[in-house]
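Note that the protein sequences, when read in sequence, are chains A and B.
If you count by numbering that gives the first Met the number 0, then the first sequence holds residues 0 to 200, one letter each, in order.
If you count by numbering that gives the first Met the number 0, then the second sequence holds residues 0 to 200, one letter each, in order.
Read through the structure below, which is laid out as structure tokens, and then see the notes.
Protein chains: 2
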Amino acid sequence: MNDKFYSLPNKKQEKIINAGFRVFSRNSYKKSPVQEIADEAGISKSLLFFYFRNKKDLYLFLWKKVEEITMKALMEAKCYETGDIFEMMYRGLVAKAGMMKTYPDITNFSVKAYYEDDPEVRDDIRAVVAPYTSLKTNKTLPPLDPKDFKEGLDLELMYQDMYLASEGYIWQMSQTGKIDVDKMISDYRKLIEFWKGLYLR
Amino acid sequence: MNDKFYSLPNKKQEKIINAGFRVFSRNSYKKSPVQEIADEAGISKSLLFFYFRNKKDLYLFLWKKVEEITMKALMEAKCYETGDIFEMMYRGLVAKAGMMKTYPDITNFSVKAYYEDDPEVRDDIRAVVAPYTSLKTNKTLPPLDPKDFKEGLDLELMYQDMYLASEGYIWQMSQTGKIDVDKMISDYRKLIEFWKGLYLR
DNA sequence: CCGTTCGTTGACCGAACCGGTTAATAGTAT
DNA sequence: ATACTATTAACCGGTTCGGTCAACGAACGG
């Protein structure tokens, strides 16, 4: 990676990154032409090869970028600074929605890269702490006080239900192509309130 | 499409179909080489071109096949022959799980094909009644009697919750590569029972 | 007004790939 | 042996791909 890339205006950096996310998320690593990414970013292929030594370099840069973006978003959202599980999930989705506003294809790219098995990049992908796993709603149930919830409620199933619905919602949104972040958040807020009324004592 | 294909042993037909589903679900139409499908199916490219006139022919055959398989599965599952919404959803998932047992990549192929926009196949895809939509859990709320459910329950949100969780679950399963149908069904059964205890009066 | 630097690109290259054809092979039944 | 069928290896022309490089234009200093 050429340091010159960082001295580009932020908007242009984002455009190139998004082009990469987009193209690499639609086809496998090998079948994703650098030319297509350049076109999508509105620059020449030569320039892209000036910023990134080769295709692999670009790909791995994007993969690390996902980690960086995700970590930053989760930090800022303060997902884990609340004991309230509903608030936690809400903040988690708000964080993801914000990411998707700037990087619409980050989710799809992340999934695709996580399962990529081209020998040219496979090992390097697995070497980076998987951003994909942090991108998902946390799969494991955090410690909860049963006294807060309706009597006899199976907390594990409750969490599984919420987790699956969240994943399902994000997936549906990311399929449609055009993402309305505000709608996402308000839709999800409604779901959260629904769950609170249903689950809380 | 050459009729000779149908006189092949069922297992071999399935193997070829699955190879097609698999390869076409991982990359776009244009970026999916026929050679790769042939390899996956364990036959030569020439033979594949003997059964199907060309790549497009094969692709559209697969797309129509999805419709056929889906319709058949939904019929046999008798999803709509019950007034019980929980039973309906359960049967729907059982049907899908059964399909995925024989055709592990049918879901991913279906989604990919639905959003395919290569001019060579785009119009023909849209000409077939979209199998993808029937593949999803039904998005619209069926008519329900509020008296059956807990007082004050928002039926629409309830259904949305179940719908999203179902979609999320199927998506997660289809991502992992190896699909354990029996586990899918028993997991989902638990979820359904959880919902029944939660929602029913 | 000239020379230098810097960001950017079009044109190009060799290699690999791809859809599709065809002549030939292997297998089987007569 | 023959005739017919299933299956393939070898091939072809055209395209695509990753990567290089010489050159171009704008900005700038002298």
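Cβ atoms here follow ideal geometry from the backbone N, Cα and C, with glycine treated the same way.
Values in this document were obtained by computation on a predicted structure and should not be read as measured data.
- In the DSSP assignment, Asp56 of chain B falls within the unbroken alpha helix (DSSP H) covering Lys54 to Ala76.
- With a cutoff of 8 Å on beta-carbon distance, Phe20 of chain B and Leu61 of chain B are scored as near each other.
- Per DSSP, the beta-bridge partners of Leu199 of chain A are A:Phe148.
- Across the set A:Lys30, A:Glu67 and A:Ser165, the C-alpha of A:Lys30 shows the shortest separation from the C-alpha of Lys54 of chain A.
- Contact between Trp194 of chain B and Gly167 of chain A does not hold, since the beta-carbon distance rounds to 14 Å and is not under 8 Å.
- Legend: CB atoms of the segment 19 to 33 of chain B lying less than 7 Å from CB atoms of chain A belong to residues Arg25, Asn26, Ser27 and Lys30.
- Note that the C-beta distance between Ile178 of chain B and Met99 of chain B is below 8 Å.
- Neighbourhood of Ala164 of chain A in chain B, by CB distance below 7 Å: Asp160, Leu163, Ala164 and Gly167, in chain order.
- Between Cys78 of chain A and Ala96 of chain A a beta carbon distance of about 13 Å is seen, past the 8 Å cut, so the two are scored as non-contacting.
- CA-to-CA, the gap between Ala126 of chain B and Val120 of chain B works out to about 10 Å.
- The C-beta of Phe4 of chain B comes no closer than 8 Å to any C-beta of chain A.
- Under a criterion of Cβ atoms nearer than 7 Å, no residue of chain A is adjacent to Trp62 of chain B; the nearest Cβ is some 18 Å distant.
- One alpha carbon belongs to Leu152 of chain B, the other to Lys71 of chain B, and they sit about 35 Å apart.
- For Glu115 of chain A, there is no enclosing alpha helix (DSSP H), as DSSP marks it with neither H nor E.
- Identification of chain A residues near Leu156 of chain B by a Cβ-Cβ cut-off of 8 Å yields Lys189, Leu190 and Phe193, ordered along the chain.
- Going by beta carbons, Tyr5 of chain A and Asp117 of chain A fall outside the 8 Å limit.
- With a cutoff of 8 Å on beta-carbon distance, Met74 of chain B and Ser165 of chain B are scored as not near each other.
- Around the beta-carbon of Arg52 of chain A, fewer than 16 other beta-carbon atoms lie within 10 Å, marking it exposed.
- The Cβ atoms of Ile36 of chain A and Tyr102 of chain A do not sit closer than 8 Å to each other.
- Within 7 Å of the CB of Leu197 of chain A, the CB atoms of chain B belong to Leu197, in sequence order along the chain.
- For Gln159 of chain A, there are no CB contacts under 6 Å within the same chain when 5 residues up- and downstream are skipped.
- Against Asp153 of chain B, the close residues of chain A are Phe193, in the order they occur along the chain (beta-carbon pairs closer than 7 Å).
- No Cβ of chain B is located within less than 8 Å of the beta carbon of Val120 of chain A.
- The Cβ-Cβ distance between Phe108 of chain A and Ser24 of chain A falls below 8 Å.
- Neighbourhood of Val110 of chain A in chain B, by CB distance below 9 Å: Gln174, in chain order.
- An exposed status is given to Asp123 of chain B, since fewer than 16 other beta-carbon atoms sit within 10 Å of its beta-carbon.
- For Gln171 of chain A, the chain B residues whose Cβ falls inside 8 Å of its Cβ are Leu163 and Glu166, in order along the chain.
- From the listed residues A:Lys11, A:Arg200, A:Ala76 and A:Val22, the smallest Cα separation to Leu46 of chain A is found for A:Lys11.
- Only residues of its own chain outside the window of five on either side were considered, and among them Phe49, Tyr50, Phe51 and Arg52 have a CB closer than 8 Å to the CB of Asn1 of chain B, listed in chain order.
- Rounded to whole angstroms, the gap between the alpha carbons of Lys146 of chain B and Leu199 of chain B is 9 Å.
- Taking 8 Å as the cut-off, the beta carbon of Val65 of chain B is found no closer than this to the beta carbon of Glu39 of chain B.
- Minimum Cα-Cα distance from Lys111 of chain A among the listed residues A:Leu163, A:Lys14, A:Glu13 and A:Ser173 corresponds to A:Ser173.
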